[in-house]
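Asks: Residue 83 in my numbering sits at position 75 of the sequence shown; the count goes up by one each step and never skips.
Every residue gets a Cβ at the ideal spot worked out from N, C-alpha and C, and that includes glycine.
Quantities reported herein were computed from a predicted structural model and do not represent experimental measurements.
Quick one: structure below, then a few questions.
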Amino acid sequence: RNAYFGDLHVHTYLSNDAYISNVRRTPDDAYRFAQGEAIGHASGFPIRREGGPLDFTAVTDHSEYLSAVREAARPDSPLHSLPFSQNLFGTDAAAMQRAFTAFVEGSRSRALPAEYDDPAVAGRGWAEIQEAAARNNRPGRFTTLIGYEFTSAPDGRNLHRNVIFQGSRVPGAP
(Lines of atoms letter the chains of each structure in order from A and count residues from 1; the text may use other names and numbers.)
(Lines give C-alpha, C1' and ligand atoms only; values in the text may rest on other atoms or scores of the structure.)
Protein backbone atom coordinates (compact mmCIF):
# COMPACT_ATOMS: atom_id res chain seq x y z
CA ARG A 1 0.00 0.00 0.00
CA ASN A 2 2.91 2.31 -0.54
CA ALA A 3 2.73 4.88 -3.30
CA TYR A 4 5.89 5.42 -5.32
CA PHE A 5 6.49 8.30 -7.69
CA GLY A 6 8.68 8.09 -10.74
CA ASP A 7 9.20 8.74 -14.41
CA LEU A 8 9.29 6.00 -17.05
CA HIS A 9 9.78 8.25 -20.08
CA VAL A 10 13.03 10.21 -19.97
CA HIS A 11 15.10 11.18 -23.01
CA THR A 12 18.72 12.23 -22.99
CA TYR A 13 21.25 13.24 -25.62
CA LEU A 14 21.10 9.63 -26.85
CA SER A 15 17.66 10.27 -28.43
CA ASN A 16 18.13 11.85 -31.82
CA ASP A 17 15.18 14.23 -31.57
CA ALA A 18 16.41 15.45 -28.18
CA TYR A 19 19.97 15.97 -29.41
CA ILE A 20 18.81 17.93 -32.44
CA SER A 21 16.74 20.08 -30.05
CA ASN A 22 19.94 20.96 -28.14
CA VAL A 23 19.52 18.49 -25.27
CA ARG A 24 23.02 17.58 -24.14
CA ARG A 25 22.17 15.90 -20.84
CA THR A 26 23.44 12.39 -20.18
CA PRO A 27 21.67 9.45 -18.52
CA ASP A 28 23.65 10.28 -15.35
CA ASP A 29 22.28 13.85 -15.52
CA ALA A 30 18.74 12.49 -15.85
CA TYR A 31 19.16 10.38 -12.73
CA ARG A 32 20.69 13.29 -10.81
CA PHE A 33 17.73 15.47 -11.82
CA ALA A 34 15.25 12.77 -10.78
CA GLN A 35 16.91 12.64 -7.36
CA GLY A 36 16.41 16.36 -6.86
CA GLU A 37 19.77 17.77 -7.98
CA ALA A 38 19.99 20.82 -10.19
CA ILE A 39 21.28 20.31 -13.74
CA GLY A 40 22.03 22.79 -16.49
CA HIS A 41 19.31 23.64 -18.99
CA ALA A 42 20.21 24.00 -22.68
CA SER A 43 19.46 27.74 -22.37
CA GLY A 44 22.22 28.16 -19.80
CA PHE A 45 20.45 28.24 -16.45
CA PRO A 46 20.08 25.58 -13.73
CA ILE A 47 16.85 23.64 -13.37
CA ARG A 48 15.60 21.44 -10.55
CA ARG A 49 12.52 19.29 -10.04
CA GLU A 50 9.74 20.79 -8.01
CA GLY A 51 8.20 18.55 -5.39
CA GLY A 52 11.27 16.65 -4.29
CA PRO A 53 13.09 13.61 -5.56
CA LEU A 54 11.45 10.69 -7.34
CA ASP A 55 11.49 7.11 -6.11
CA PHE A 56 12.32 5.57 -9.51
CA THR A 57 13.28 6.58 -13.02
CA ALA A 58 13.98 4.89 -16.33
CA VAL A 59 16.00 6.52 -19.09
CA THR A 60 14.04 5.46 -22.18
CA ASP A 61 15.82 6.89 -25.18
CA HIS A 62 14.57 6.04 -28.66
CA SER A 63 15.84 2.62 -29.73
CA GLU A 64 15.75 3.52 -33.40
CA TYR A 65 19.18 4.86 -34.40
CA LEU A 66 20.09 5.13 -30.72
CA SER A 67 22.80 7.77 -30.18
CA ALA A 68 23.47 8.19 -33.94
CA VAL A 69 22.99 11.96 -34.02
CA ARG A 70 25.05 12.45 -30.85
CA GLU A 71 27.80 10.44 -32.51
CA ALA A 72 27.45 12.35 -35.79
CA ALA A 73 28.19 15.55 -33.87
CA ARG A 74 31.59 14.24 -32.79
CA PRO A 75 34.35 15.28 -35.24
CA ASP A 76 36.18 11.97 -34.70
CA SER A 77 33.16 9.89 -35.75
CA PRO A 78 32.75 8.49 -39.28
CA LEU A 79 29.16 9.79 -39.20
CA HIS A 80 30.38 13.37 -38.78
CA SER A 81 31.82 13.70 -42.28
CA LEU A 82 28.72 12.38 -44.08
CA PRO A 83 26.94 15.04 -46.16
CA PHE A 84 23.67 14.05 -44.50
CA SER A 85 25.09 14.90 -41.06
CA GLN A 86 26.25 18.39 -41.93
CA ASN A 87 22.76 19.88 -41.95
CA LEU A 88 21.83 18.50 -38.53
CA PHE A 89 24.01 20.95 -36.62
CA GLY A 90 24.30 24.70 -36.71
CA THR A 91 22.58 27.87 -35.68
CA ASP A 92 19.97 28.24 -38.42
CA ALA A 93 16.79 26.90 -36.82
CA ALA A 94 14.97 26.54 -40.15
CA ALA A 95 17.84 24.53 -41.68
CA MET A 96 18.01 22.33 -38.59
CA GLN A 97 14.24 21.73 -38.78
CA ARG A 98 14.56 20.70 -42.43
CA ALA A 99 17.42 18.38 -41.52
CA PHE A 100 15.42 16.87 -38.66
CA THR A 101 12.46 16.34 -41.00
CA ALA A 102 14.82 14.59 -43.43
CA PHE A 103 16.10 12.47 -40.53
CA VAL A 104 12.56 11.47 -39.49
CA GLU A 105 11.52 10.68 -43.06
CA GLY A 106 14.75 8.74 -43.64
CA SER A 107 14.30 6.74 -40.47
CA ARG A 108 10.70 5.86 -41.35
CA SER A 109 11.68 4.68 -44.81
CA ARG A 110 14.96 3.13 -43.62
CA ALA A 111 16.78 5.42 -46.08
CA LEU A 112 19.33 6.99 -43.73
CA PRO A 113 23.00 6.44 -44.51
CA ALA A 114 24.05 2.90 -43.53
CA GLU A 115 26.51 4.32 -40.98
CA TYR A 116 23.57 5.57 -38.91
CA ASP A 117 22.38 1.98 -38.47
CA ASP A 118 25.77 0.66 -37.32
CA PRO A 119 25.15 -1.72 -34.38
CA ALA A 120 28.33 -0.42 -32.73
CA VAL A 121 26.87 3.10 -32.56
CA ALA A 122 23.66 1.91 -30.90
CA GLY A 123 25.69 -0.46 -28.73
CA ARG A 124 27.71 2.38 -27.24
CA GLY A 125 24.49 4.26 -26.38
CA TRP A 126 22.84 1.13 -24.94
CA ALA A 127 25.92 0.45 -22.79
CA GLU A 128 25.86 4.04 -21.54
CA ILE A 129 22.20 3.64 -20.46
CA GLN A 130 22.95 0.42 -18.59
CA GLU A 131 26.10 1.76 -16.92
CA ALA A 132 24.33 4.92 -15.74
CA ALA A 133 21.48 2.85 -14.30
CA ALA A 134 23.98 0.69 -12.39
CA ARG A 135 25.87 3.73 -11.06
CA ASN A 136 22.75 5.56 -9.88
CA ASN A 137 20.67 2.73 -8.41
CA ARG A 138 20.35 3.12 -4.63
CA PRO A 139 18.34 0.18 -3.26
CA GLY A 140 15.68 1.34 -0.85
CA ARG A 141 16.19 5.02 -1.74
CA PHE A 142 16.14 5.44 -5.53
CA THR A 143 15.52 2.78 -8.15
CA THR A 144 16.83 2.98 -11.69
CA LEU A 145 15.19 0.91 -14.39
CA ILE A 146 16.75 0.01 -17.73
CA GLY A 147 14.54 0.59 -20.72
CA TYR A 148 14.06 2.18 -24.11
CA GLU A 149 11.33 3.69 -26.23
CA PHE A 150 10.23 1.75 -29.29
CA THR A 151 8.47 3.73 -32.00
CA SER A 152 6.33 2.12 -34.62
CA ALA A 153 5.04 4.58 -37.20
CA PRO A 154 2.74 2.82 -39.66
CA ASP A 155 1.48 5.35 -42.19
CA GLY A 156 3.30 8.10 -40.27
CA ARG A 157 1.28 7.55 -37.07
CA ASN A 158 3.58 7.36 -34.05
CA LEU A 159 2.93 4.54 -31.63
CA HIS A 160 5.46 5.09 -28.85
CA ARG A 161 5.96 2.28 -26.37
CA ASN A 162 8.35 2.19 -23.45
CA VAL A 163 9.99 -1.16 -22.78
CA ILE A 164 11.10 -1.52 -19.16
CA PHE A 165 13.19 -4.40 -17.89
CA GLN A 166 12.85 -6.00 -14.47
CA GLY A 167 16.57 -5.97 -13.69
CA SER A 168 19.99 -5.53 -15.21
CA ARG A 169 19.83 -8.65 -17.40
CA VAL A 170 18.81 -7.09 -20.70
CA PRO A 171 19.24 -7.95 -24.38
CA GLY A 172 22.45 -6.96 -26.14
CA ALA A 173 20.60 -4.24 -28.08
CA PRO A 174 17.27 -2.48 -27.72
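1. With distances taken Cα to Cα, identify the nearest neighbour of Ala66 among Arg56, Asp125, Glu113 and Arg40.
2. Quick one: Cα of Gly114 to Cα of Ser89, how far?
3. Figure out for me which residue from Pro121, Leu22 and Tyr12 has the closest Cα to the Cα of Arg132.
4. Considering just the uninterrupted stretch of the beta strand (DSSP E) at Ala130, what are its terminal residues?
5. Applying the criterion that 16 or more other CB atoms from any shown protein chain within 10 Å of the CB defines a buried residue, is Ile137 buried or exposed?
6. Whose CA, out of Glu45, Thr20, Asp25 and Tyr156, lies closest to the CA of Ile55?
7. Taking 7 Å as the limit between beta carbons, can you name the residues of its chain near Val18, skipping five residues before and five after?
8. For Asn170, report the span of its beta strand (DSSP E) as first-last.
9. Residue range of the alpha helix (DSSP H) that Tyr195 falls in?
10. If you check the beta carbons only, do Glu72 and Phe158 fall under 9 Å apart?
11. Who are the near neighbours of His168 in its chain, counting only those whose CB is closer than 7 Å to its CB and skipping five residues on each side?
12. Note down, in chain order, each residue of its chain lying with its Cβ closer than 8 Å to the Cβ of Ile28, except the 5 sequence neighbours on either side.
13. Would you say Asn144 and Gln43 are within 9 Å of each other, going by their C-beta atoms?
14. Between Arg165 and Arg116, what straight-line distance do the alpha-carbon atoms span, to the nearest angstrom?
15. For the beta strand (DSSP E) that Ser160 lies in, which residues bound it at each end?
16. Compare the beta carbon distance of Ala161 and Thr152 with 9 Å and say whether it is the shorter of the two.
17. Specify the secondary structure class of Phe53 as computed by DSSP and reduced to three states.
Replies: Here's the rundown:
1. Residue mapping note: residue 66 aligns to position 58 of the sequence shown, counting from 1. Looking at Arg56, Asp125, Glu113 and Arg40, the one whose alpha-carbon comes closest to that of Ala66 is Arg40.
2. For the purposes of this step, residue 114 is taken as the residue at position 106 of the sequence shown. For the purposes of this step, residue 89 is taken as the residue at position 81 of the sequence shown. So the two alpha carbons sit approximately 18 Å from each other.
3. Looking up residue 132 in the sequence shown gives position 124. Ranking Pro121, Leu22 and Tyr12 by Cα distance to Arg132 puts Leu22 first.
4. In the sequence shown, residue 130 corresponds to position 122, counting from 1. Ala130 -> not in any beta strand (DSSP E); alpha helix (DSSP H) instead, spanning Pro127 to Asn144.
5. The residue given as residue 137 occupies position 129 in the sequence shown. Buried: at least 16 other Cβ atoms inside 10 Å.
6. Start at 1 with the first residue of the sequence shown, and residue 55 comes out as number 47. Closest by alpha carbon: Glu45.
7. Taking the first residue of the sequence shown as 1, we reach residue 18 at position 10. These residues qualify, in order along the chain: Ala38, Thr65, Ala66, Val67 and Thr68.
8. In the sequence shown, the residue the question calls residue 170 occupies position 162. Its beta strand (DSSP E) spans residues Leu167 to Ile172.
9. No statement about residue 195 is possible, as the shown extent of the chain runs from 9 to 182 and does not include it.
10. What you label residue 72 is simply residue 64 of the sequence shown in a count that begins at 1. What you label residue 158 is simply residue 150 of the sequence shown in a count that begins at 1. Yes. Within cutoff.
11. In the sequence shown, residue 168 corresponds to position 160, counting from 1. If we look at His168 and ignore the five residues flanking it on each side, its Cβ neighbours are Glu157 and Thr159.
12. In the sequence shown, the residue the question calls residue 28 occupies position 20. Closer than 8 Å at the Cβ level, and outside the excluded window around Ile28, lie Val77, Leu96, Met104, Ala107, Phe108 and Phe111.
13. Locating residue 144 in the sequence shown gives position 136, counting from the first residue. Locating residue 43 in the sequence shown gives position 35, counting from the first residue. In this structure, Asn144 lies near Gln43, with their beta-carbon atoms less than 9 Å apart.
14. Counted from its first residue, the sequence shown places residue 165 at position 157. Counted from its first residue, the sequence shown places residue 116 at position 108. C-alpha of Arg165 to C-alpha of Arg116: approximately 10 Å in a straight line.
15. Mapped onto the sequence shown, residue 160 falls at position 152. Per DSSP, Ser160 belongs to the beta strand (DSSP E) from Thr151 to Ser160.
16. Working through the sequence shown from its first residue, we reach residue 161 at position 153. Working through the sequence shown from its first residue, we reach residue 152 at position 144. In this structure, Ala161 keeps its C-beta atom at 9 Å or more from the C-beta atom of Thr152.
17. Taking the first residue of the sequence shown as 1, we reach residue 53 at position 45. Correct three-state label for Phe53: coil.
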